[in-house]
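Asks: Throughout the sequence shown, residue numbering follows this note's numbering, covering 52 to 268 in sequence.
Below is a structure I'd like to ask you about.
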Amino acid sequence: MIYLFLGDDLPAKDARIAEIKSKFFKNSQEALAFDLDNLDAKELGDDALKKAFLTLPVIAPHRLIILRQVHKLKSADIQVLIKFCQNPAKHCDVVLESTENTLKGDLKDLPLYAKGAVMARPEGPNVFDMTKLITAHRSGDALKMLDGFYRADVHPLQIMGALVWYWGKEGKAAGRERFERGLKSLEEADLNIKRSRLDPQYAVEKLVVELGLLLRR
């Protein structure tokens with residue numbers, strides 16, 4: 052399978068990619084280490100993409116290759132990618148990501164070979180606005196904004212993706228102990244959602260409050 056996720060809604064794309072990864076490697080963290088390639092089109096070495104497509108899985112039944120910023124591929128790598136998409140290998144699945152809403156030039160036909168969507172950030176308040184409220188110790192206002200997202204049918208997992216990014220960037224300022232407690236809260240919320248331990252919306256609400264408390268001095 053080839054997936055293609057376009058647009059500037061990074062949390063939504065990360066949430067979708069996280070779902071794919073969890074399906075691939077749900078039974079083995081060891082497979083996650085051996086059979087996952089995280090590639091960035093800007094930083095690819097010579098023949099790196101070709102080698103990734105040719106590498107066979109070690110533990111998992113299939114390899115998973117994630118290629119970000121596909122719109123920044125060099126000409127030679129574009130040809131490698133198009134050739135692969137026209138005749139994809141059975142031993143690997145590929146996730147292609149780009150902040151562009153449409154692909155141009157030699158990549159314009161890529162959507163013909165892939166399953167995916169354009170994920171654009173909605174107008175008005177977004178999840179990153181909510182994280183600013185958390186940082187400002189305004190958890191009550193953050194929860195009100197969160198309720199608005201739910202009313203707009205934003206899935207809790209999309210919000211989780213943004214909170215993971217946020218805590219990785221801002222949580223360290225709270226100190227090592229609180230940062231690690233925040234990571235545990237994120238992990239617990241993710242498990243509560245995916246294993247149906249709690250209502251998904253409540254699980255995220257609980258997480259927002261916990262992260263806000265951890266940031267208080």
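All C-beta atoms in this analysis are idealised placements derived from N, C-alpha and C, irrespective of residue type, glycine included.
Could you have a look at Arg-119 and say whether DSSP puts it in helix, strand or coil?
Replies: strand
Asks: For Ala-82, I'd like the list of residues in its chain whose CB is within less than 6 Å of its CB, leaving aside the five on either flank, ordered along the chain.
Replies: Excluding positions up to five away in sequence, the list reads Phe-76, Ile-110 and Ala-111.
Asks: When you compare only the Cα positions, how much space is there between Arg-189 and Glu-228?
Replies: 22 Å
Asks: Secondary structure at Leu-90, three-state DSSP: helix, strand or coil?
Replies: strand
Asks: Going by CA-CA distance only, name the one from Asp-65, Leu-105 and Lys-123 that's closest to Lys-155.
Replies: Measuring from the Cα of Lys-155, the nearest candidate turns out to be Lys-123.
Asks: Among Gln-120, Tyr-217, Arg-248 and Asp-86, whose alpha-carbon lies nearest the alpha-carbon of Met-181?
Replies: Checking every option, the nearest Cα to that of Met-181 belongs to Tyr-217.
Asks: Can you say whether Glu-256 is buried or exposed, counting buried as having 16 or more other CB atoms within 10 angstroms of its CB?
Replies: Of the other Cβ atoms in all chains shown, 16 or more fall within 10 Å of the Cβ of Glu-256; this residue is therefore buried.
Asks: Can you find the residues in the same chain that come closer than 8 Å, C-beta to C-beta, to Leu-95, ignoring five residues on each side of it along the sequence?
Replies: Leu-124, Lys-125 and Asp-128
Asks: Taking a contact to mean a Cβ-Cβ separation below 8 Å, would you say Val-145 touches Gly-58 in this structure?
Replies: no
Asks: Give me the residue from Pro-108, Ile-116 and Gly-226 with the minimum Cα distance to Ile-71.
Replies: With distances taken between Cα atoms, Ile-71 lies closest to Ile-116.
Asks: Which term fits Leu-161, buried or exposed, when burial requires 16 or more other beta carbons within 10 angstroms of its beta carbon?
Replies: Burial state of Leu-161 is buried, judged by a 10 Å Cβ sphere holding 16 or more other Cβ atoms.
Asks: So which of Ala-254, Pro-176 and Leu-132 has the shortest CA-CA distance to Met-211?
Replies: Ala-254
Asks: Counting pairs of Cβ atoms below 8 Å between the stretch 185-199 and the stretch 226-244, do you hit three or more?
Replies: no
Asks: Alpha carbon to alpha carbon, how far is His-142 from Ala-240? Give it in angstroms, no decimals.
Replies: 32 Å
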